[in-house]
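*Asks:* What follows is a single structure, and I will ask about it in a moment.
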């Protein structure tokens, strides 16, 4: 059942991200729903679920929009793993931990993309990319998390989506 | 809080093992995507058939909602405008005659305009954009036609009269298009007036001002000016010759004193495209399979 909910969440997030959210962009920047889904799954249900969710999210992005299959999958896999490993500190009603970890995850995803896909092509103007791509996405993702987190966590709690990872 | 039951899973794979397996799988996929097209094609088709209907539906719904809201607002305007418009009809029908005359003149001029003639002859397929790149780094989009409609990798995509990009990946029912404003994109171009060759680079950095960059233009006699038109070059191995790319908006000499670089405004309004044309004729190069 939990797996089904997670699959549904990935499916919905990906669809919204590539269609509706593109119409809601501010100055061409869209929030990163895929990071939110991966982090929330990892935090709520532990490493295994976090990894699976991250891997599928990343793979979907690679299949449709990437040019190297497996690049995003790998990055998201590790994001899911890291978020899964703080599962034991997580309480569904506490919004601080998800906010911190979603922001950190998004920031590290953006930096890895920048380092591996832009710096290697001699685009060194990090100040520009930080101010115009990374920071807006980070803030937008933060705000979306703030709005969507409580409803989502309530619903998935009702459906049995929360699980403390066993040792 | 009290209602939260802490379940323990009976059998579970150790997370470290999953991590190792999935890491290996991703790296394997990366290697495979560099060496063969098979796995990406299979995965692409599975995912394509799953997501396609929903994507199209959602795009329709967004457009429909937008359209209805517009309709409601417009009914009021239309009623008041109706009487004013009737008066204009007489005036306009007179003007119309003049315009028909102009139109014949335009057709004549078009025939003279060598560029347009060159690519109105290509066979094209219309396609709708149904999804855009989820991140903020790239300008890649998905169209609703694929292999089943005869789309192949490397086909040129235009909108209106300007170059939009190139097909970089195809599924049975969808195709990925990398636009010329994408940071990864390079197009070999040519000045329409002086026939000098240059390279057009997509750039995330200058896209903010609605421009992209060009470079490696050799123009020793300073013949190229702001406003001059750039078209695709005939020495490009991926783009058909003579498709409009844009107009030069700024130009400066490179530090090496030999070549020039600058920015250009694309002919296509990339913010607002939703229908594109895929040219089914491909550039054929001797020696390429």
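Residue numbers (our numbering), protein chains in the order written: chain R, 20 to 186; chain L, -17 to 271. For every residue, glycine included, the Cβ atom is placed at its ideal position computed from N, Cα and C.
(1) List the DSSP bridge partners of residue 63(R).
(2) Report the partner residues of residue 148(L) according to the DSSP bridge assignment.
(3) By alpha-carbon positions, which one of 80(L), 139(L), 124(L), 7(L) ends up nearest to residue 156(L)?
(4) For residue 110(R), which residues of its own chain have a beta-carbon under 6 angstroms away from its beta-carbon, when the five flanking residues on both sides are left out?
(5) For the beta strand (DSSP E) containing residue 226(L), name the first residue and the last one.
(6) Starting from the C-beta of residue 98(R), find all residues in its chain whose C-beta is less than 6 angstroms away, skip the five residues before and the five after it, and write them out in chain order.
(7) With a threshold of 8 angstroms between beta carbons, is residue 198(L) in contact with chain R?
(8) Just to make sure I have the definition right: I need the residues of chain L whose C-beta is within less than 9 angstroms of the C-beta of residue 80(R). Which are they?
(9) Is the shortest distance between the beta-carbon of residue 62(L) and the beta-carbons of chain R less than 8 angstroms?
(10) Could you please tell me which residues of the segment 161 to 190 of chain L, in chain order, have their CB closer than 9 angstroms to any CB of chain R?
(11) Based on Cα-Cα distance, which residue from 7(L), 4(L), 211(L) lies nearest to residue 232(L)?
(12) Determine the extent of the beta strand (DSSP E) in which residue 195(L) is found, giving its start and end residues.
(13) Enumerate in chain order the residues of its own chain whose CB-to-CB distance from residue 236(L) is below 8 angstroms, with the five nearest sequence positions on each side excluded.
(14) DSSP state of residue 85(L), grouped into three classes?
(15) Should residue 214(L) and residue 230(L) be called a contact, given that it needs their Cβ atoms to be closer than 8 angstroms?
(16) I want to see whether chain R comes within less than 8 angstroms of residue 75(L), judged by CB atoms only; does it?
(17) Is it buried or exposed, residue 15(L), if we count other Cβ atoms within 10 angstroms and call 16 or more buried?
(18) Indicate whether at least one CB of chain L lies closer than 8 angstroms to the CB of residue 25(R).
(19) Which residues mark the beginning and the end of the beta strand (DSSP E) in which residue 182(L) is found?
(20) Go ahead and pull the three-state DSSP assignment for residue 110(L).
(21) Please go through the same chain and pick out, in chain order, the residues whose beta-carbon is closer than 7 angstroms to the beta-carbon of residue 65(R), but skip the five residues on each side of it.
(22) Going by DSSP in three states, residue 50(L) sits in which element: helix, strand or coil?
(23) How should residue 69(R) be labelled, buried or exposed, when 16 other C-beta atoms within 10 angstroms of its C-beta is the threshold for buried?
(24) How big is the Cα-Cα spacing for residue 58(L) and residue 42(L)?
(25) Of all Cβ atoms in chain L, is any one closer than 8 angstroms to the Cβ of residue 89(R)?
(26) Would you please state the rounded distance, in angstroms, between the beta carbons of residue 160(R) and residue 55(R)? I believe it to be under 8 angstroms.
(27) With three or more beta-carbon pairs closer than 8 angstroms as the criterion, would you say the segment 118 to 137 of chain L touches the segment 159 to 170 of chain L?
(28) Are there three or more Cβ pairs, one per stretch, closer than 8 angstroms when the segment 146 to 166 of chain R is compared with the segment 124 to 138 of chain L?
*Replies:* Working from what's here:
(1) BP columns for residue 63(R) are empty, so no partner.
(2) 138(L), 160(L)
(3) 124(L)
(4) none
(5) 226 to 235
(6) 57, 73, 124
(7) no
(8) 115, 116, 117
(9) no
(10) 165, 166, 185, 186, 187, 189, 190
(11) 211(L)
(12) 194 to 200
(13) 197, 242, 243
(14) helix
(15) no
(16) no
(17) buried
(18) no
(19) 179 to 183
(20) strand
(21) 103, 106, 182, 184
(22) helix
(23) buried
(24) 25 angstroms
(25) yes
(26) 7 angstroms
(27) yes
(28) no
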